[in-house]
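Scroll down for the structure; my scribbles are underneath it.
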Amino acid sequence: MAEQHERIVDTPEWKALEEHFERTRDLHLRQMFTDDATRGDTMVLEAGDLYLDYSKNRLTPETITLLVALARRAGVETLRDAMFAGEKINITEQRAVLHVALRAPEGEQILVDGVDVVPEVHRVLDKMAGFSDRVRSGAWTGHTGKRIRNVVNIGIGGSDLGPRMAYEALKDFSERSMTFRFVSNVDGNDFWEATRDLDPAETLFVVASKTFTTLETMTNARSAREWALEKLGDDAAVAKHFVAVSTNAEEVAEFGIDTENMFEFWDWVGGRYSYDSAIGLSLMIAIGPDAFRDMLAGFHAIDEHFRTAPIESNLPMILGLIGIWYDNFFGAETVAILPYNNYLSKFSAYLQQLDMESDGKAVDRQGNAVDWQTGPIVWGQPGTNGQHAYYQLIHQGTKLIPADFIGTCRPAHLLGDHQNLLMANFFAQPQALAFGKTPEEVVAEGVPAEQVPHRTFAGNHPTNSVLVTELTPNTLGQLVAMYEHKVFTQGAIWNINSFDQWGVELGKKLAMDIVPELDAATEPDLAHDSSTNALIRRYRRLRS
Ligand code: F6P
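Structure below.
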């Protein structure tokens with residue numbers, strides 16, 4: 128039988144929040160802002176370059192006090208300290224969880240099994256920097272002596288989304304004379320599109336996989352080798368056109384990549400927390416080692432804030448607690464991430480894995496089924512595009528959709544009045560969502576009576592506004608660390624293991640069972656359910 132642990136929903140702190148919820152659930156943001164004219168100045172937090180305004184949430188100062196008490200009861204600080212101390216808090220895999228060590232400055236000490244991992248982190252960073260410099264300067268050439276002009280990252284999940292998102296975010300800092308592409312899907316169209324116009328003699332593949340066994344990545348890597356060798360002819364070309372990022376040296380060698388050209392990381396780095404490890408190699412080649420290190424410094428600044436600030440003023444913790452308030456008390460199912468900076472076009476997709484693979488769990492750390500809601504569905508796209516697509520539902524639909532608005536004050540490129548128009552929308556949307564428009568206001572505009580209900584905005588839709596001076600490697604690191612620690616805080620309160628991902632295994636296994644049935648030359652005996660059997664038969668009939 129699974130070990131018992133205090134159930135968070137049975138604690139007096141949780142009950143106090145339930146009672147508080149009953150008392151405050153109908154409070155309207157209009158009223159709260161009228162009652163307290165300073166709300167927008169006081170319900171704010173700062174950490175590094177991040178400014179969080181959480182005043183447009185359906186909560187009072189008492190809510191925050193009660194949520195902070197809940198966090199203390201749940202032992203969020205204890206678990207945080209255990210993480211920073213290198214304890215094996217990923218209990219199902221018996222691993223430490225030390226992405227924070229990836230950005231620890233030289234000289235800091237973080238022990239795993241009694242060994243300081245920080246010097247190793249810096250050894251690999253230096254190796255990455257040396258390699259990146261050689262590729263960027265042209266000193267590293269391809270097999271035929273041509274300069275490398277294209278870098279293709281092959282990876283999936285955490286070995287793709289992080290470098291891809293950060294490359295998009297920091298494109299303006301990237302080496303524009305080079306082309307960077309990312310291939311993840313086992314769908315051959317992805318590989319084909321990424322390579323169709325590239326010259327193999329000028330192309331470097333970074334095969335990024337923690338395990339080096341992932342079906343999609345290994346399939347794409349094999350196709351890449353064939354694609355390159357078809358033109359370059361000689362097996363020796365692999366050494367000049369393929370490098371690996373992995374924890375698994377044996378598999379890397381088995382694939383045929385010289386382990387000299389392997390950049391390692393460690394089992395205490397989770398895939399979705401790995402882009403500031405060697406998994407970020409393609410990003411480092413794009414933006415250069417100095418900018419990469421600046422990004423790590425940004426991560427570290429927020430790590431330090433998270434590690435030391437009291438819960439009341441701990442920005443990622445407060446963000447996490449606000450999420451708990453909607454998830455567990457209001458029953459919200461999702462959270463929208465809405466960056467008002469087009470360079471953050473992949474940010475929501477990145478956070479989907481970070482949050483949903485971490486906190487999409489239904490058993491607690493002891494293996495008992497939980498009967499409280501855990502991780503939310505994360506979604507979103509950059510504003511203002513979403514405003515002309517799905518914001519209608521947020522404004523006037525029947526669902527409660529908490530949203531994070533992320534804005535940057537200084538644009539990378541000044542173009543007419545674009546930036547002010549963008550930011551006017553960044554300010555206007557949370558305002559409209561919070562305060563809405565009453566029927567009386569609609570009537571006063573002269574709207575015909577029958578249209579008044581359609582043009583009324585109920586308001587009271589909660590948002591956080593995160594304002595950053597500008598998007599740089601450093602502030603990107605800060606933003607990502609903020610969300611990493613938000614996700615941590617929530618997982619700690621729900622008493623789930625945010626660091627494993629067993630849920631992805633079953634589908635992988637079933638797919639491997641089906642592969643021979645698709646490959647079979649003659650009609651195979653199928654023993655699946657009737658739906659799967661029929662779909663496979665139809666596919667076999669139609670595919671050619
Ligand atoms: O399938 C899920 C997952 O294990 C992710 O957690 C991980 O980021 C991704 O696959 C890729 O794994 P790898 O880096 O080992 O190829």
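Be aware that the sequence shown starts at 128, since it is given in this note's numbering, and climbs by one per residue.
Don't be surprised by glycine CBs; every beta carbon is placed ideally from N, CA and C.
All values derive from a computational prediction rather than experimental measurement.
- Item | Nearest residue (CA-CA) to Pro376, options Asp403, Lys337 and Met345 | Per the sequence shown, the amino acid found at residue 376 is Ala instead of Pro. Selected option, being the one with the closest Cα: Lys337.
- Contact under 8 angstroms by Cβ, Val203 with Met444: For the pair Val203 and Met444, the CB atoms are nearer than the 8 angstroms cut-off.
- Cross-strand partners of Ala463 (DSSP beta bridge): Trp506 and Ala530
- Assign Ser182 to one of two classes, buried (16 or more other C-beta atoms within 10 Å of its C-beta) or exposed (fewer than that). buried
- Taking the C-alpha atoms as reference points, what is the distance between Ile141 and Leu186? The sequence shown places Trp at residue 141, not Ile. Between the C-alpha atoms of Trp141 and Leu186 there is a straight-line separation of about 15 angstroms.
- Among Asp208, Leu288 and Phe419, which residue has its Cα nearest to the Cα of Gln479? Leu288
- Message: Cutting at 8 angstroms between CB atoms, please list the residues of its own chain near Met345, excluding the five before and the five after it.
- Response: Ser336, Phe339 and Phe382
- What is the residue span of the alpha helix (DSSP H) that Thr192 lies within? Pro188 to Ala201
- Query: When you compare each of Thr271, Val136 and Lys526 to Ala366 by their alpha carbons, which one comes out closest?
  - Reply: Closest by alpha carbon: Thr271.
- Specify the secondary structure class of Arg230 as computed by DSSP and reduced to three states. helix
- Message: So if DSSP puts Asp243 in a beta bridge, which residue, or which two residues, is it bridged to?
- Response: Leu238
- Which of the three DSSP states, helix, strand or coil, is assigned to Ile429? helix
- Find out if the Cβ-Cβ distance for the pair Gly407, Pro580 is shorter than 8 angstroms. no
- Query: What residues in its chain sit with their C-beta under 8 angstroms from that of Glu214, if we drop five residues either side in the sequence?
  - Reply: Ala223
- Message: Spatial neighbours of Gly398 within its chain, please: C-beta separation below 7 angstroms, excluding the five flanking residues on both sides.
- Response: Gly284, Gly285, Ser286 and Lys337
- Item | Proximity below 8 angstroms, CB of Ser485 to CB of Gly507 | no
- Give every residue of the same chain whose Cβ lies closer than 6 angstroms to the Cβ of Asp299, excluding the five residues on either side of it in the sequence, and list them in chain order. Ala539
- Any Cβ of chain B within less than 8 angstroms of the Cβ of Gly397? Reference to chain B is not applicable here, since this structure consists of a single protein chain.
- Task: Compute the minimum distance between the beta carbon of Ile623 and the heavy atoms of the ligand F6P, and state whether it is under 7 angstroms.
- Result: no
- Query: the ligand F6P heavy atoms versus the CB of Gly618: any closer than 7 angstroms?
  - Reply: no
- Message: I'd like to confirm something about Gln479: is its beta-carbon nearer than 7 angstroms to some heavy atom of the ligand F6P, or not?
- Response: no
- Item | Unbroken alpha helix (DSSP H) run spanning Ala661, endpoints | Ser657 to Leu669
- Environment of Arg668 [buried if 16+ CB atoms lie within 10 Å]: exposed
- Task: Could you name each continuous alpha helix (DSSP H) segment of 4 residues or more that falls completely within the stretch 348-399, going from the start of the chain to the end?
- Result: 365-368 and 376-382
- Message: Taking 7 angstroms as the cut-off, is the beta-carbon of Ser304 closer than that to any non-hydrogen atom of the ligand FMN?
- Response: The ligand content of the structure shown is limited to the ligand F6P, which means the ligand FMN is not among them.
- What's the gap between the Cα of Ala328 and the Cα of Leu225? The straight-line gap from Cα to Cα measures roughly 38 angstroms.
- Task: Determine the DSSP secondary structure at Ser692, reduced to helix, strand or coil.
- Result: The structure shown does not extend to residue 692, since the chain spans only 128 to 671, so no value can be given for it.
- Task: Measure the C-alpha to C-alpha separation of Val278 and Met389 and round it to an integer number of angstroms.
- Result: 16 angstroms
- Item | Residue interval of the alpha helix (DSSP H) (run including Asn624) | Segment: none, Asn624 is in no alpha helix (DSSP H) and carries neither H nor E.
- Task: Within 10 angstroms of the Cβ of Asn316, are there 16 or more other Cβ atoms? Answer buried if so, exposed if not.
- Result: exposed
- Item | Selection from Tyr467, Glu632, Ala418 and Asn547 that minimises the alpha carbon distance to Val593 | Tyr467
- Message: Taking the beta carbon of Val631 as the centre, do at least 16 other beta carbons fall within 10 Å, making it buried, or is it exposed?
- Response: exposed
- Message: If the criterion is Cβ atoms closer than 8 angstroms, does the pair Leu410 and Tyr402 meet it?
- Response: For Leu410 and Tyr402, yes; Cβs fall inside 8 angstroms.
- Task: Evaluate Pro557 with the Cβ neighbour count: other Cβ atoms within 10 Å of its Cβ, from every protein chain shown; 16 or more gives buried, anything less gives exposed.
- Result: buried
- Enumerate in chain order the residues of its own chain whose CB-to-CB distance from Glu126 is below 8 angstroms, with the five nearest sequence positions on each side excluded. What is shown of the chain runs 128 to 671, which leaves residue 126 out entirely.
- Message: For the stretch 505-524 against the stretch 451-467, do three or more pairs of beta-carbon atoms, one drawn from each stretch, fall closer than 8 angstroms, so that the two count as touching?
- Response: yes
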